[in-house]
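Residue numbers (the numbering used here): 13 to 237.
Every residue gets a Cβ at the ideal spot worked out from N, C-alpha and C, and that includes glycine.
Predicted model only: the values in this text are computed from it and were never measured.
Dropping the structure here:
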């Protein structure tokens with residue numbers, strides 16, 4: 013599958029405990045994709061008992077990787093999200109819901125590209141990886157520093173860089189600067205926006221914004237020219 017946004021189908025009920033809202037359609041299936049899947053499914057014995065299971069299995073650069081299989085619906089886990097789309101039941105595991113929400117399953121739109129399916133996903137993995145849940149204590153500044161020390165900087169170290177807390181403003185916004193391999197790197201601004209800012213604001217709910225004051229013109233730009 014390749015990860016590269018589109019018509020809607022009639023929603024079906026989803027159990028609240030899966031993390032999906034009642035009636036929410038996590039993965040939109042285009043008519044062309046549904047026809048392709050149903051054609052394959054109906055070749056199988058007892059094909060009507062099978063559902064299309066779509067799971068996020070990992071990351072590859074800035075995209076997610078996926079596993080698409082036709083599995084017996086009777087084997088679906090209690091917290092799987094099931095959605096019926098014109099005769100096709102799509103099964104999304106609970107852990108993949110947030111990563112797949114708003115995605116579209118389609119066929120390649122380039123003539124002559126061949127068969128297969130494509131997932132057009134507006135979501136992107138955190139470039140710093142999964143931060144996990146940390147026990148952060150103290151004020152905002154204390155919590156940010158702990159997050160930097162325990163999670164963010166160890167992840168940035170693989171790129172030869174680090175992030176430092178400059179200050180916490182009166183409006184509870186956080187000012188951060190980047191150094192080492194991150195300073196002067198053409199990707200450092202994107203890394204801050206997509207990784208550090210997300211990690212801080214998800215881990216510390218009091219933070220209203222994260223501002224980068226790095227002088228990106230001053231670095232030696234070790235990765236890009």
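- Under the rule that a run must span 3 or more residues, the beta strand (DSSP E) segments found entirely inside the segment 143-196 read 173-180, 185-192.
- The Cβ neighbour count for residue 79, taken over all protein chains shown within 10 Å, is under 16; the residue is labelled exposed.
- For the pair residue 90 and residue 37, the Cα-to-Cα distance works out to about 18 Å.
- When secondary structure is reduced to three states using DSSP, residue 215 falls in the helix class.
- Inclusion of residue 65 and residue 83 in the CB contact set at 8 Å is warranted, their separation being smaller than that value.
- Remark: three or more beta-carbon pairs, one from each stretch, lie closer than 8 Å, so the segment 38-46 and the segment 85-101 are flagged as touching.
- Taking residue 105 as reference, the option from 224, 155, 68 with the minimal CA-CA separation is 68.
- Around the beta carbon of residue 33, a 10 Å sphere encloses fewer than 16 other beta carbons of the protein chains shown; the residue is thus reported as exposed.
- The DSSP assignment places 43-53 as complete runs of the alpha helix (DSSP H) inside the segment 42-77, in order along the chain (cut-off: 4 residues).
- For residue 132, there is no enclosing alpha helix (DSSP H); the residue is part of the beta strand (DSSP E) that begins and ends at 130-132.
- With respect to the C-alpha of residue 58, the residue from 155, 86, 148 having the closest C-alpha is 86.
- Residue 129 and residue 187 have their C-alpha atoms roughly 43 Å apart.
- In terms of Cα proximity to residue 192, the closest of 76, 108, 175 is 175.
- Leaving aside the five residues that flank residue 183 on each side, the residues in its chain whose CB is nearer than 7 Å to its CB run, in chain order, 220.
- Taking the C-beta atoms as reference points, residue 76 is found nearer than 8 Å to residue 133.
- A Cβ-Cβ distance of about 4 Å is found for the pair residue 71 and residue 137, placing them in contact under the 8 Å criterion.
- Residue burial is scored here from C-beta neighbours: residue 54 has fewer than 16 other C-beta atoms within 10 angstroms and is therefore classed as exposed.
- Its chain contains 152, 184 as the residues whose beta carbon lies nearer than 6 Å to that of residue 218, once the 5 sequence neighbours on both sides are disregarded; these appear in chain order.
- Ranked by Cα distance from residue 212, the options 172, 226, 148 are led by 148.
- For residue 40, the secondary structure class from DSSP, reduced to helix, strand or coil, is strand.
- With fewer than 16 neighbouring CB atoms inside 10 Å of its own CB, residue 161 falls in the exposed class.
- In this structure, the CA atom of residue 107 is about 20 Å from the CA atom of residue 207.
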